[in-house]
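A.B. asks: As they're listed, the protein sequences go chains R and D. In terms of the UniProt record's numbering, the numbers along the first sequence are unbroken and rise by one, the last being 330. In terms of the UniProt record's numbering, the numbers along the second sequence are unbroken and rise by one, the last being 330.
Protein chains: 2
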Amino acid sequence: MDWGTDLWDQYDGIDKHTQSGLDLVDRYVKFVKERTEIEQNYAKQLRNLSKKYLKRGSKEEQECGFTNHQSFQDILNELNDYAGQRELIAEHMMTGICVELTKYLQDLKQERKTYLADAKKAQQNLEISFKQLENTKRRFAKEWGEAEKATQQAEKIENDTNAIKADVEKVKQHAHVKTHTAEECRNDYAAQLQKYNKEQNTFYYTEIPQLFNKLQDMDERRIRSLAEGYSQFADIEKKVLPIITKCLDGISMAGRNTNGKQDSMRFIEQHKSGFERPAEVDFEDYSQGIKPASSDANLNQPKIRTKLWPFSHKKTKVCTLHTTSHTTLH
Amino acid sequence: MDWGTDLWDQYDGIDKHTQSGLDLVDRYVKFVKERTEIEQNYAKQLRNLSKKYLKRGSKEEQECGFTNHQSFQDILNELNDYAGQRELIAEHMMTGICVELTKYLQDLKQERKTYLADAKKAQQNLEISFKQLENTKRRFAKEWGEAEKATQQAEKIENDTNAIKADVEKVKQHAHVKTHTAEECRNDYAAQLQKYNKEQNTFYYTEIPQLFNKLQDMDERRIRSLAEGYSQFADIEKKVLPIITKCLDGISMAGRNTNGKQDSMRFIEQHKSGFERPAEVDFEDYSQGIKPASSDANLNQPKIRTKLWPFSHKKTKVCTLHTTSHTTLH
Chain R
1 MDWGTDLWDQ YDGIDKHTQS GLDLVDRYVK FVKERTEIEQ NYAKQLRNLS
51 KKYLKRGSKE EQECGFTNHQ SFQDILNELN DYAGQRELIA EHMMTGICVE
101 LTKYLQDLKQ ERKTYLADAK KAQQNLEISF KQLENTKRRF AKEWGEAEKA
151 TQQAEKIEND TNAIKADVEK VKQHAHVKTH TAEECRNDYA AQLQKYNKEQ
201 NTFYYTEIPQ LFNKLQDMDE RRIRSLAEGY SQFADIEKKV LPIITKCLDG
251 ISMAGRNTNG KQDSMRFIEQ HKSGFERPAE VDFEDYSQGI KPASSDANLN
301 QPKIRTKLWP FSHKKTKVCT LHTTSHTTLH
Chain D
1 MDWGTDLWDQ YDGIDKHTQS GLDLVDRYVK FVKERTEIEQ NYAKQLRNLS
51 KKYLKRGSKE EQECGFTNHQ SFQDILNELN DYAGQRELIA EHMMTGICVE
101 LTKYLQDLKQ ERKTYLADAK KAQQNLEISF KQLENTKRRF AKEWGEAEKA
151 TQQAEKIEND TNAIKADVEK VKQHAHVKTH TAEECRNDYA AQLQKYNKEQ
201 NTFYYTEIPQ LFNKLQDMDE RRIRSLAEGY SQFADIEKKV LPIITKCLDG
251 ISMAGRNTNG KQDSMRFIEQ HKSGFERPAE VDFEDYSQGI KPASSDANLN
301 QPKIRTKLWP FSHKKTKVCT LHTTSHTTLH
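#1: With a cut-off of 8 Å, does the C-beta of S325/R fall near any C-beta of chain D?
#2: Going by CA-CA distance only, name the one from V25/D, D235/D, I14/D that's closest to L108/D.
#3: If you measure from the beta carbon of A191/R to each beta carbon in chain D, is any gap under 8 Å?
#4: Give a yes or no on whether the C-beta atoms belonging to Y11/R and A119/R are separated by under 8 Å.
#5: Quick check on D6/D: buried or exposed, where buried means 16 or more other Cβ atoms within 10 Å of its Cβ?
#6: Mind reading off the beta-carbon distance from H174/R to A150/R? Whole number of angstroms is fine, and I expect it under 8 Å.
#7: Comparing alpha-carbon positions, which option in E34/D, D282/D, Q153/D lies nearest Y196/R?
#8: Hey, does T258/D have any beta-carbon neighbour from chain R nearer than 8 Å?
#9: By the 10 Å Cβ neighbour count, where 16 or more other Cβ atoms means buried, how is A227/R classified, buried or exposed?
#10: In angstroms with no decimal places, state the Cα-to-Cα distance between A279/D and Y204/R.
#11: Going by C-alpha distance, which of I236/R, I251/R, R221/R is nearest I97/R?
#12: For F275/D, does the three-state DSSP call read helix, strand or coil?
#13: At which residues does the alpha helix (DSSP H) containing L241/D begin and terminate?
#14: Given a limit of 9 Å on CB to CB distance, which residues of the region 236-257 of chain D reach chain R?
#15: Of the residues A117/D, Q40/D, N77/D, A83/D, which one's Cα is nearest the Cα of M94/D?
#16: For the alpha helix (DSSP H) containing Y115/D, name the first residue and the last one.
#17: Give me, in chain order, the residues of the same chain whose beta-carbon lies closer than 6 Å to that of K178/D; leave out the 5 immediate sequence neighbours on both sides.
#18: By how many angstroms is the C-alpha of E127/D removed from the C-alpha of Q200/D?
#19: Tell me, please, whether the CB atom of K272/R is closer than 8 Å to any CB atom in chain D?
#20: By how many angstroms is the C-alpha of Q270/D removed from the C-alpha of T206/R?
#21: Determine the chain R residues that contact G96/D at a beta-carbon separation under 8 Å, and present them in chain order.
#22: Got a sec, what are the start and stop residues for the alpha helix (DSSP H) V281/R sits in?
#23: Express the C-alpha separation of Q152/R and K165/R in angstroms, rounding to a whole number.
#24: Measuring only between beta-carbons, confirm whether A234/R sits less than 8 Å from chain D.
#25: Using a Cβ-Cβ cut-off of 6 Å (strictly less than) and excluding sequence neighbours within five positions of K33/D, which residues of its own chain qualify?
#26: DSSP state of N300/D, grouped into three classes?
#27: Would you please verify whether the beta carbon of E87/D is less than 8 Å from any beta carbon of chain R?
#28: By Cβ distance below 6 Å, which residues in the same chain neighbour H326/R in space, the five residues on each side in sequence not counted?
#29: So, is the C-beta of M218/R closer than 8 Å to a C-beta in chain B?
#30: Less than 8 Å between CB atoms is the rule here; does R35/D satisfy it with respect to chain R?
#31: Starting from F66/D and walking both ways along the alpha helix (DSSP H), at which residues does that stretch end?
#32: Looking only at its chain, what residues have a beta carbon closer than 7 Å to the beta carbon of Q192/R, apart from the 5 residues adjacent to it on each side?
#33: Using a Cβ-Cβ cut-off of 7 Å (strictly less than) and excluding sequence neighbours within five positions of F267/R, which residues of its own chain qualify?
#34: Counting only beta-carbon atoms, is Y115/D nearer than 8 Å to chain R?
#35: Would you tell me roughly how many angstroms separate the C-alpha atoms of I38/D and Q45/R, rounded to the nearest one?
#36: Just to confirm the assignment, what range does the alpha helix (DSSP H) spanning N201/R have?
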């Protein structure tokens, strides 16, 4: 079974079928192009989101290395890598599918046009040859008819006893010439018929089968490349899935690395003043000869003590001070 | 190590630290919300893309079931399922992370406000009590000074031989009263001091440690929930990865199911007319007594034959005809 043998009389069908095949490739390329645009846009939005919140993260807290702040930063970085993978998908679809198939499509279009044109040309030649056959045949029929008439006239005049000998010769001569011409036309017709049948045979058993089989082969090649393009649509994304999974693992890790206990302890290290809590206020017994001074001076010491909290021991720049606070306060 | 013991004098630091902790949760919720919007939009675009090309696929070719057309339709359907999974990610992030954490955040804000307010109140009470202590102490100092003066005057007048007995009694009486009052102030001061030291002790060793430890516990709970939200950000997507992989496998399958040979054979089945190719045209020998008729009539038969292709055997509706074509032509 092949187009050349089984569809020898389906030129129009093959024309239509191969065209719709190329249209499908064209439609698929457009489809993938639109997918890559969606993917590009998606990646861009994820990148901007990650950038936006990376900036926002308060500098101080990052330096302080609290796990619950650090982990958010880690997640934002992973999301940025994630976006990079989506961009990769878009790029590979564009180069691996769209560019490839578009190039290939041009060649196929050209190839198809050539085959169909060759078939049309061969058909026109056959039709011209057939018209010539009709003409030679018509001429043979006409000449033979006239030759027969002339022969009958010759026979008639020969049997006419009153005929003049010279006239008889003239008519016989005429009939002879006519018959001769008719025989020549008969030979022309026979030759043209042979020529036509040879051409018709070549047309139906060689030219058309070859051209239609080339079109079938072309269409099957088209489908192979299209199938390749179909598979790539999935394979390209499958290829990046492991890295995408790595990004997701990184995010899970950031979740596990977030440790509340650790952060409260770190906060203590950074803010501990090292001061003792105020001792009891002493009794000042003026009756035992202590001189009552100005109450201000007198009450000065306990006043400082009780005012220890919450107004003193402020740490303005926590992180930078936090190491020194150890050395100075222990 | 805990905030209550080690950060007893860091009210402002704890205030600032716990606030920035809640701000981080708030920022994370906003971040996830924006991610879900991106995801929703991405899914929507993929859905529309798939719908757009599903519609476009020529009805006829789908019915004809050419693998290379059918596979494209399969891919579009898989892409639609794929989009559904992305939507699922967006929904689960919204409900599982944003809604949960936002609810939780409100409770934490309230809880924090309460603890900080209680600490401030306790501190104000202590300061009031300290002012009372200062007052009793000042009064004691003053009264004791006056009592001493009165006592000295009494001693002076006693040793004065010219003094009138009545005056001596009066001055001694006055000194006695003053000393008595001073002793009462001394007792008030002692009592107030005891009261204050008790309150100060409760403040520094009970109230503040308890409140600051509650704040530490609250902050650690906040971090645990935030860490949970971090992990979910990855887990929600991990959960749909197997189904997304199924979609990709479906697309690869569509690629493998695309078979060019099969499609050309199917095309033959649908378009084969079953007609034989034209036989050779016969020689019509009018010289053997065949009557030459009107050339039209005469040339009628071969004319049809050679005109077989490409004008006849048209199949208008391929698919519906294709079964009958078998029955009628074989």
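Ideal Cβ placement from N, Cα and C applies to all residues, glycine included. Bear in mind the structure is a predicted one, so any value in this text is a computation, not a measurement.
C.D. replies: Judging by the given coordinates:
#1: Annotation note: pLDDT 33 at S325/R (below 50); position unreliable, coordinate value reported separately. It does not; no Cβ of chain D falls within 8 Å.
#2: V25/D
#3: no
#4: yes
#5: buried
#6: 5 Å
#7: D282/D
#8: yes
#9: buried
#10: 10 Å
#11: I236/R
#12: coil
#13: 208-257
#14: E237, K238, L241, I244, T245, C247, L248, D249, G250, I251, S252, M253, A254, G255, R256, N257
#15: Q40/D
#16: 100-158
#17: E146, A147, A150
#18: 9 Å
#19: yes
#20: 23 Å
#21: Neighbours of G96/D on chain R: none; closest Cβ ~13 Å, over 8 Å.
#22: Run containing V281/R: none; DSSP gives neither H nor E here.
#23: 17 Å
#24: yes
#25: C98
#26: Low per-residue confidence applies at N300/D: pLDDT is 37, beneath 50, and the placement is therefore not dependable, though the value from the model is reported in the following sentence. DSSP places N300/D in helix when its eight states are reduced to three.
#27: no
#28: At H326/R, the pLDDT of 33 sits below 50, so the modelled position is not reliable and the matter cannot be decided from this model.
#29: Of the chains in the structure shown, none is chain B; the protein chains are R and D.
#30: yes
#31: From DSSP, F66/D is part of no alpha helix (DSSP H); its letter is neither H nor E.
#32: Q132, L133, T136
#33: none
#34: no
#35: 7 Å
#36: 165-202
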